[in-house]
Structures are given as C-alpha cells and as structure tokens.
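Colleague: Here the sequence shown is numbered in our numbering, starting from 5 and rising by one per residue. For reference, the structure I am asking about is given below.
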Amino acid sequence: VAKQSEIKGQTDHKRFLWQGLRMLREESPGQSSLYLYEPGSYAPLVRV
5 VAKQSEIKGQ TDHKRFLWQG LRMLREESPG QSSLYLYEPG SYAPLVRV
C-alpha cells in the first residue's frame, strides 16, 4: 500500500508493508520504521 501527498509544493511518498492486519514497515525516502508485535497481538510493542 502506498500514499502520496503534497505539502508546501513538495510531493511526499510513503509505502506501507502489511502482514494481514499488522503493519510491519513504513518507508519514505530517507526514513524507514519497523513495527514489532507480541505474538497474537495487533497492537505494536515498539517502532524501530
């Protein structure tokens, strides 16, 4: 899944990687976040 937005004339692109109902990764140019979950949970424990 991807999102594109425009802020102050600049286009921002974000990509999201999902595993079922869990978001695993969020990526944008120059930045990446990884989400970790407790087994059986859908609430993230930490974003790295």
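The beta carbon of each residue, even a glycine, is placed where N, CA and C say it ideally should be.
Is residue 7 helix, strand or coil when you go by DSSP?
Modeller: If you number the sequence shown from 1, residue 7 lands on position 3. It is a strand residue.
Colleague: Tell me which same chain residues have a C-beta within less than 6 Å of the C-beta of residue 33, skipping the five on either side of it?
Modeller: Taking the sequence shown and counting its residues from 1, one reaches residue 33 at position 29. Taken in chain order, the list of residues that qualify is empty.
Colleague: By DSSP's criteria, residue 30 is part of a beta bridge. Which residues make up the other side?
Modeller: As a working mapping, residue 30 is identified with position 26 in the sequence shown. Its beta-bridge partners are 20 and 37.
Colleague: Let me make sure I understand the geometry here. Which of 19, 15, 14 and 13 has the alpha-carbon closest to that of residue 6?
Modeller: Here residue 6 refers to the residue found at position 2 of the sequence shown. Of 19, 15, 14 and 13, the residue nearest in Cα terms is 19.
Colleague: Going by DSSP in three states, residue 43 sits in which element: helix, strand or coil?
Modeller: Indexing the sequence shown from 1 puts residue 43 at position 39. Three-state result, residue 43: coil.
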